[in-house]
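Structure first, then comments.
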Amino acid sequence: MSRLTLFGMYDYDPTLFDGLVMPDRFNHDDVVNVILEKCGDLYPYYQVPSWLKNNMTVWARRMYHQFERMIDVLYEDYDPLENYNRYENSTDTPRETVTTTHSGSDSETHSGSDTETHSGSDTETHSGIDTETNSGSDTVTGNTTITTQLGSTTTASANKAAFDSGAYQPVDQTITTTSGGDTSTENRSDTTQHGHIVTDQHGHIITDQHGHIITDKHGHVITDQHGHVITEVNSGNHEFASRIHGNIGVTTSQQMLEAELATREFDIYDKVAEIFAKQFMIRVY
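Remember, the numbering used here sits 68 above the position in the sequence shown when you count from 1.
This is how it looks when you write it as structure tokens:
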């Protein structure tokens, strides 16, 4: 009984690998071509193409997550010269109540005295001369009538009028008894001149002595009583994140570079083909 190689089955059924679903980062055609390159001349365990196709579809679904992780590692972004990369994230959710009580009293004492002293003297000096001048004249006008009668009685009277009055007043009267008679009339006026000056000299000094002292004594006390309570409730989330990375010094930079180069020589497609061959191929040439 003749057997079919993997190439023979793929030639018989070109849809043989359609059920081989790979992660997004893989190129499906490249996976098929590498498998045919590595296993095309080998005989599958299952010589019925439909059975092999069905088994490959189930196998691809089973291995999907493993293949996805393998290719993600190769695409991981990292520093090849660091061998320590630590991330820390934490969340703190407080549920606490803090009560702070303030009690006691504050006293402020004011004591002592304030003294205000006033000393010295105020002097008020008055000097100068006050002069009062009175000038003018007083005039007294009157007439005298003398009547002489011989063998008769002669009466002489004198009337005067003051300077500030127009009425005549009798001031003198003489009665002479003679015989016969002569009559004579005499008119006269008396004028009094006055022009005196009154002078008042002053030069007195008024002195006010003062030396009083004002004293203000104070000794009051101000007291502030306090006893308030402050309550603080903490809630919510406190999130913390940190990263520590670098070279811890165990491996040299040259060794890490060599490991990086070896990693880059790894071919993920070859690895998929190797796993496929172990699962489906009879590796006897």
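Glycine included, C-beta positions come from ideal geometry on N, C-alpha and C.
Could you name the residues that DSSP lists as bridge partners for Ser310? Glu156
Cβ atoms of Ala330 and Lys106: under 7 Å apart, would you say? The Cβ atoms of Lys106 and Ala330 lie no closer than 7 Å to each other.
Name the two residues that bound the continuous alpha helix (DSSP H) containing Asn302. Run containing Asn302: none in the alpha helix (DSSP H); it sits in the beta strand (DSSP E), Val297 to Asn302.
Helix, strand or coil: how does DSSP classify Pro148 here? coil
What do you reckon, are the CB atoms on Lys114 and Arg71 nearer than 7 Å? As written in the sequence, residue 114 is Tyr, which differs from the Lys given in the question. Taking 7 Å as the Cβ cut-off, Tyr114 and Arg71 do not qualify as a contacting pair.
Who are the near neighbours of Asn302 in its chain, counting only those whose CB is closer than 6 Å to its CB and skipping five residues on each side? Pro162 and Glu164
Could you pull the start and end residues of the beta strand (DSSP E) that Glu164 belongs to? Glu164 to Thr169
DSSP three-state call for Ser179: helix, strand or coil? Residue state, collapsed to three classes: coil.
Top-ranked residue by Cα proximity to Arg368, from Trp127, Ile316 and Phe348: Nothing can be reported for residue 368: it is not among the residues displayed for the chain, which extend from 69 to 353.
Since I believe Phe135 is in contact with Pro91 (beta carbons under 8 Å), could you give me their beta-carbon distance rounded to a whole number of angstroms? 6 Å
Of the choices Met138, Ser179, Thr159 and Gly172, whose alpha-carbon is the least far from that of His306? Nearest C-alpha to His306 among Met138, Ser179, Thr159 and Gly172: Thr159.
Once DSSP output is grouped into helix, strand and coil, what is the label at Tyr132? Assigned with DSSP and collapsed to three states, Tyr132 falls in helix.
Just to confirm, are Gly295 and Ser171 a CB contact at a threshold of 7 Å? yes
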